[in-house]
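Enquirer: Just add 27 to wherever you are in the sequence shown, counting from 1, and you've got our numbering. Where a beta carbon is used, it is the ideal one built from N, C-alpha and C, also for glycine. All figures in this text were calculated on a predicted structure; none of them were measured in a lab. Mind looking over this structure? Questions follow.
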Amino acid sequence: MAVKKKKIANVPNLRFPGFHEEWNTYKLDKIAEFSKGKGVSKSDIDKNGVTECIRYGELYTHYREVITEIKSKTNIDKNNLVLSKANDVIIPSSGETQIDIATASCVLKEGIALGGDLNIIRSPNNGIFLSYYLNSKKKTEIANLAQGISVVHLYSSQLATLMINLPVMIEQDKIASFLSLLDERIQTQNKIIKELKSFKNTISKQLFEQQVRFKDGRGNNFSDWKMQKLGELGKTYNGLSGKTKENFGIGGKYIQYKQIFDYSRIQVDKCGLVEVSKNENQNQVQYGDIFFTISSETPNEIGMSSVLLDKVGEMYLNSFCFGYRPNSLNVLNPLYSRYFFRSDSFRGEIIKLAQGSTRYNMSKIELMKLKVFLPTIEEQILIGNFLQSIDKKIDMEQVLLKQFESQKKYLLTNLFI
28 MAVKKKKIAN VPNLRFPGFH EEWNTYKLDK IAEFSKGKGV SKSDIDKNGV TECIRYGELY
88 THYREVITEI KSKTNIDKNN LVLSKANDVI IPSSGETQID IATASCVLKE GIALGGDLNI
148 IRSPNNGIFL SYYLNSKKKT EIANLAQGIS VVHLYSSQLA TLMINLPVMI EQDKIASFLS
208 LLDERIQTQN KIIKELKSFK NTISKQLFEQ QVRFKDGRGN NFSDWKMQKL GELGKTYNGL
268 SGKTKENFGI GGKYIQYKQI FDYSRIQVDK CGLVEVSKNE NQNQVQYGDI FFTISSETPN
328 EIGMSSVLLD KVGEMYLNSF CFGYRPNSLN VLNPLYSRYF FRSDSFRGEI IKLAQGSTRY
388 NMSKIELMKL KVFLPTIEEQ ILIGNFLQSI DKKIDMEQVL LKQFESQKKY LLTNLFI
């Protein structure tokens, strides 16, 4: 007797309670109509325009699966525009890469001008559901339909061939509503992080320009800040030089240029390894050292700094950088240094030292001539701790954001077929 294979039900891995029916499979052109947007170039955008509009490039940079608030406006005559109906799904018809072009968004508002290079999908099904579905389960398939090399194109005739799985409308609505709420929470989380970063930038400027001052433990003002030369507060040392590829991957840890450029605090766990010759007079880095980049492609990127806030063993500094070691941590607090040397006021002075044309360099000798205003060590500690507390809050909110984004990724994988 032949063994019959058990039929696999056409249902997703994850469902809301109360839904048991199998999903139906359709070719997209059987449940939707297709059209194309028209006009609306970048030069047609007018912040005082009378008609809200969406350009195809904004799908890559501004919008997600659900479009509720419109970024742009135009004054083009409505008779020369293609206007949306609520629930329309739009996908770019041209883009730079195949995977990028597979980007769907649902327009919830009626009468929005839909620009050229936009495919419009109009269906009685839930447009939000379709957008999430096309952006997840069907993204790779849509990308494979696109054609081109330097510029890829996606036509409605190609989209029409997609095979899709749909539940009943009530289940579509449930899934769409749930994912929309999660996306709103993600957007709120992004806003929280953006506002915290903005607050940090504002208060940092006020602190380092002495517009805002701390008081001591007795409620009294700290003494006035004193002007001092960096060269009087510490000494510099060079990074490694002349190292070949064979030297890397063994030996002691070393701090790379990119780390200094990207982070205000050295990420010890991300440091590489390098072998240093025993006869090489190379300083090992230590807690409280400040590192500067001395070469960059633009003046604004010269002299970025990072501070070592961990006590480490054998550890070195890479080339294209130099180290600065304070004479005493009771004169220049490491945590204060982390924020001060990246402050706008100090960066403004650093940029003036940039020299070059196609590539810019900075003299550490000239850097050491810079004069800075420094508060007492007690006030430095208060400033450093305060700014670090904001950073910790930002880090916590970013962890939460990653959790929401991970949850969304899981749901997109399991709520659709």
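Determine the closest residue to Y387 out of M395, I377, K396, with distance taken between C-alpha atoms.
Expert: I377
Enquirer: Hey, how far is the Cα of G142 from the Cα of N102?
Expert: Rounded to whole angstroms, G142 to N102 spans 13 Å at the Cα level.
Enquirer: Is E236 helix, strand or coil when you go by DSSP?
Expert: coil
Enquirer: For my contact list, G330 and L414 are in at a C-beta cut-off of 8 Å; report their separation, rounded to the angstrom.
Expert: Contact doesn't hold; Cβ gap of about 20 Å is too wide.
Enquirer: Any idea if G266 is buried or exposed, counting beta-carbon neighbours within 10 angstroms, 16 or more meaning buried?
Expert: buried
Enquirer: Could you please give the first and the last residue of the uninterrupted alpha helix (DSSP H) stretch that includes I169?
Expert: Secondary structure note for I169: its alpha helix (DSSP H) is the uninterrupted segment 166-172.
Enquirer: Tell me, please, which residues DSSP counts as bridged to H47.
Expert: Within the DSSP secondary-structure output, H47 pairs in no beta bridge.
Enquirer: Could you tell me which of I81, R91, N162, Y281 sits nearest to V109, measuring between CA atoms?
Expert: I81
Enquirer: Mapping DSSP to helix, strand and coil, what is S355?
Expert: Assigned with DSSP and collapsed to three states, S355 falls in coil, not helix or strand.
Enquirer: Excluding the 5 residues flanking F443 on each side, which residues of the same chain have their C-beta closer than 7 Å to its C-beta?
Expert: P39, Y160, S163, K164
Enquirer: Give the single residue among I72, W252, E302, A187 whose Cα lies nearest to the Cα of R454.
Expert: The shown model of the chain, from 28 to 444, leaves out residue 454, and the question about it has no answer.
Enquirer: Let me know the secondary structure DSSP gives K100 once reduced to three states.
Expert: Collapsing the DSSP output to three states places K100 in a strand.
Enquirer: Less than 8 Å separating the beta-carbons of F235 and F368?
Expert: no
Enquirer: How about R292 and L356: are their beta carbons less than 8 Å apart?
Expert: Not a contact, by the Cβ cut-off of 8 Å.
Enquirer: Ends of the alpha helix (DSSP H) at E432?
Expert: 404-441
Enquirer: Shortest alpha-carbon distance to E168 belongs to which of D127, S322, P151?
Expert: D127
Enquirer: What are the start and end residues of each continuous beta strand (DSSP E) run of 3 or more residues lying completely inside the segment 115-200, in chain order?
Expert: 115-119, 132-134, 145-149, 190-193
Enquirer: Expressed to the nearest angstrom, what Euclidean distance is found between the alpha-carbon atoms of V339 and G84?
Expert: 48 Å
Enquirer: Residues in its own chain within less than 7 Å of G276 by CB, not counting five upstream and five downstream?
Expert: L300
Enquirer: Identify every run of the beta strand (DSSP E) within the segment 327-375, keeping only runs that are complete inside it and at least 3 residues long; order them along the chain.
Expert: 332-334, 342-344, 348-353
Enquirer: Distance check for L189 and M28, CA to CA, integer angstroms please.
Expert: Unreliable placement is indicated for M28, whose pLDDT of 40 sits below 50; no coordinate value is reported for it.
Enquirer: Quick one: what does DSSP say E79 is sitting in, helix, strand or coil?
Expert: strand
Enquirer: For I72, which residues does DSSP report across the bridge?
Expert: T101
Enquirer: Check whether the segment 391-410 and the segment 231-246 touch, using three or more Cβ-Cβ pairs below 8 Å as the test.
Expert: yes
Enquirer: Please work out which residues of its chain come closer than 8 Å, Cβ to Cβ, to I213, disregarding the five sequence neighbours upstream and downstream, and give them in chain order.
Expert: So the list reads L428, F431, E432, K435, once near-sequence residues are dropped.
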